[in-house]
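Worksheet: the structure to be examined is printed underneath.
Residue numbers (our numbering): 17 to 643.
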């Protein structure tokens, strides 16, 4: 498949009724039915002609040198047979006075008027001063009524939407062979292509169509028959078919030699294989290679249960992405939560609680976590994800201070979505912490990440701010990671809002997400494909989560990425009285926050407070737990 594919736009054709009559027949009908007068634009055009019943050659373009209208007038003026058979209509926009037109347009129009005078084309060329947009269909109908031709003689035409419009009204076309008309003609086959620099070629093509009635009728019929290929439904079909052939960037499970089969059984043997499958290389499919065997592109190539020898060999060859500790911790939970799937425990949860509460004080986070976990109860298998702007080391310290085990969580979204971690019994990340980083997520968000160049640009920006306002912002190397550059902010009012900083980076060709967090005391800069909301979407795709069973807990306000956590298919619980100090981060909005958040959605509920009873009441309202 080529790297770039041009897909033509769609058009609405249901309101278009092609003209079926001719001039003589219509004159007779109008005499019999005087209640259907001709559109006013018709008389405005036909007043130019000494013989208005001749076929009309129609050109509809502004008087721009690139549109090549002067060559068209020369071709018409120098071809006597064409002048005898047809009239020429030039719809060149609207004008009150030539003196008020732009220099280039005025020059073209004056040249056309001089050519009309030179070839004595009075009574054969129409060039009305005014027309309204809604009258354009009537102009096409008039040309079709006279059995005329539409022409686009531009030196180069990027697409040629007027050619499609003309074909929809039953007009054969003569068009430049440079640009989009070539593709249109290939589909419609309703006319002739010409060299816009060859005056004689233009005249010959026009003469051929207006003189050969059989050719005219065939081109008209081909256009009407094939015009649906430029409709919006066809546009969507073409677009979707191209998308299917594109290499997907979303997460997919891949291994070097083996894949996974769809969920079918729920046997004890399957639970063991669940654990074994974790040792496969869960490689994020950036190449988008399709697995052989099925057309769905999802979790193909099932294991042969009886072929235990081959399976063992394949497992030995597979790369180990999760640490042994991570697998071990999940094995501890296997008896409780693993069933017949090919996925870790997260896939087998009935609900996933995402704790994304941006507390006014970091010390309040353990209390909020404990409250939500206690409110969840033991009725259903519930998984927990912590989503925060904090680094993984800060998360670990907070959990320890609250006597909360990392193994109580299924995943951690840290650094405002710059990193995704999983709990582990041992550490292989060099930090000595019980977490394993999701390297596939890092590969995913690497797209257009500025890396060290972006960091240096941010440091220069911080220096310029400090030169102007004193020591206001400084790099926080201890919190920064490969995909999150963190800065300490002493006074949020002295630094530009998120929108301006993001614009400043884009001017430098650096795309990123800029997030003010922790009440404006920290600035996180992460890749453009990263955020807490997009990290959640990543987990949904990778682990096959059911979004309607995901419940996100947030405060009344939060970091500048707060609104991305609300809305959508998942459910949201807003904890009243938490995060109010962050309102100042949203004070420079051009619109109130409540105008973009669907607070009236049935998927969003507000808890009266942050105690166990209030949280449980909210979960009951959305049907997660029973009364």
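C-beta: ideal position from N, C-alpha, C; glycine also.
Inset, instruction - State the DSSP-derived secondary structure class of residue 195, mapped to helix, strand or coil. - result: If DSSP states are grouped into helix, strand and coil, residue 195 belongs with the strands.
Inset, instruction - Note down the Cα distance separating residue 219 from residue 127, rounded to an integer number of angstroms. - result: Put simply, the backbone Cα of residue 219 is about 19 Å away from that of residue 127.
Inset, instruction - Can you grab the Cα-Cα spacing for the pair residue 255 / residue 26, in whole Å? - result: If I take the Cα positions, the gap works out to 11 Å.
Inset, instruction - Kindly indicate the opening and closing residues of the alpha helix (DSSP H) around residue 63. - result: For residue 63, there is no enclosing alpha helix (DSSP H), since its DSSP letter is neither H nor E.
Inset, instruction - On the DSSP bridge assignment, give the partners of residue 427 in chain order. - result: For residue 427, which the question treats as bridged, DSSP gives the partners 401.
Inset, instruction - Keeping to the same chain, check which residues put their C-beta closer than 6 Å to that of residue 340; ignore five residues upstream and five downstream. - result: Residue confidence is low: residue 340 scores 39 on pLDDT, short of 50, so the model does not pin down where it sits. Its coordinate-derived value is still stated next. In its own chain, leaving out the 5 sequence neighbours on each side, no residue places its CB closer than 6 Å to the CB of residue 340.
Inset, instruction - Within the same chain, show all residues whose beta-carbon is closer than 7 Å to that of residue 266, passing over the 5 residues directly before and after it, in chain order. - result: Since pLDDT at residue 266 reaches only 49, below the 50 mark, its modelled position is unreliable, and the value read off the structure follows with that caveat. Same-chain partners within the cutoff: 557.
Inset, instruction - Starting from the C-beta of residue 50, find all residues in its chain whose C-beta is less than 8 Å away, skip the five residues before and the five after it, and write them out in chain order. - result: Its pLDDT being 49, under 50, residue 50 is placed unreliably by the model, and the measurement read from it follows with that caveat. Cβ-Cβ distances below 8 Å link residue 50 to nothing in the same chain once the five nearest sequence neighbours on each side are left out.
Inset, instruction - Could you please give the first and the last residue of the uninterrupted beta strand (DSSP E) stretch that includes residue 533? - result: 529-533 is the extent of the beta strand (DSSP E) around residue 533.
Inset, instruction - Compute the beta-carbon to beta-carbon distance between residue 438 and residue 454, rounded to the nearest angstrom, for a pair I have assumed lies under 8 Å. - result: With 8 Å as the limit, residue 438 and residue 454 qualify as a contact, their Cβ atoms being about 7 Å apart.
Legend entry - Runs of beta strand (DSSP E) wholly within the segment 446-487 (minimum 3 residues, chain order): Segments of the beta strand (DSSP E) lying fully in the segment 446-487: 451-453.
Legend entry - Member of 88, 150, 70 whose CA lies at the smallest distance from the CA of residue 227: Answer by Cα proximity: 70.
Legend entry - Identity of the residues DSSP links to residue 135 by a beta bridge: DSSP output for residue 135 lists no bridge partner at all.
Inset, instruction - Have a look at residue 244 and residue 257 and give me their C-alpha separation to the nearest angstrom. - result: Taking the straight line from one Cα to the other gives about 17 Å.
Inset, instruction - Just mark residue 185 as buried or exposed, buried being the case when its beta carbon has 16 or more other beta carbons within 10 Å. - result: Residue 185 comes out buried.
Inset, instruction - Look at residue 571 and residue 594 and say whether their C-beta atoms are less than 8 Å apart. - result: Yes; because the gap between Cβ atoms is below 8 Å, this pair is in contact.
Inset, instruction - Determine the direct distance from the alpha carbon of residue 229 to that of residue 92, and round the result to whole angstroms. - result: Using only the alpha carbons, I get a separation of about 19 Å.
Legend entry - Straight-line gap, residue 561 to residue 431 (C-alpha atoms, nearest Å): One C-alpha to the other measures close to 22 Å.
Inset, instruction - Tell me whether residue 83 is buried or exposed, calling it buried when 16 or more other Cβ atoms sit within 10 Å of its Cβ. - result: Counting Cβ neighbours within 10 Å, residue 83 comes out buried, since at least 16 surround it.
Inset, instruction - Find the nearest neighbour of residue 233 within the set 187, 461, 193, 259, judged by alpha-carbon distance. - result: For the residues 187, 461, 193, 259, the minimum Cα distance to residue 233 belongs to 187.
Legend entry - Start and end residues, alpha helix (DSSP H) containing residue 410: DSSP places residue 410 in the uninterrupted alpha helix (DSSP H) bounded by 408-417.
Legend entry - Residue of 569, 575, 411 minimising C-alpha distance to residue 583: The residue from 569, 575, 411 with its alpha-carbon nearest to that of residue 583 is 569.
Legend entry - Rounded C-alpha distance that separates residue 86 from residue 177: Rounded to whole angstroms, residue 86 and residue 177 show a C-alpha spacing of 21 Å.
Legend entry - Within 8 Å, strictly: CB atoms of residue 532 and residue 508: Yes. Within cutoff.
Inset, instruction - Could you spell out where the beta strand (DSSP E) holding residue 504 opens and where it closes? - result: Residue 504 -> beta strand (DSSP E) spans 501-505.
Legend entry - DSSP-derived helix/strand/coil call for residue 489: DSSP places residue 489 within a strand segment (E or B) once states are collapsed to three.
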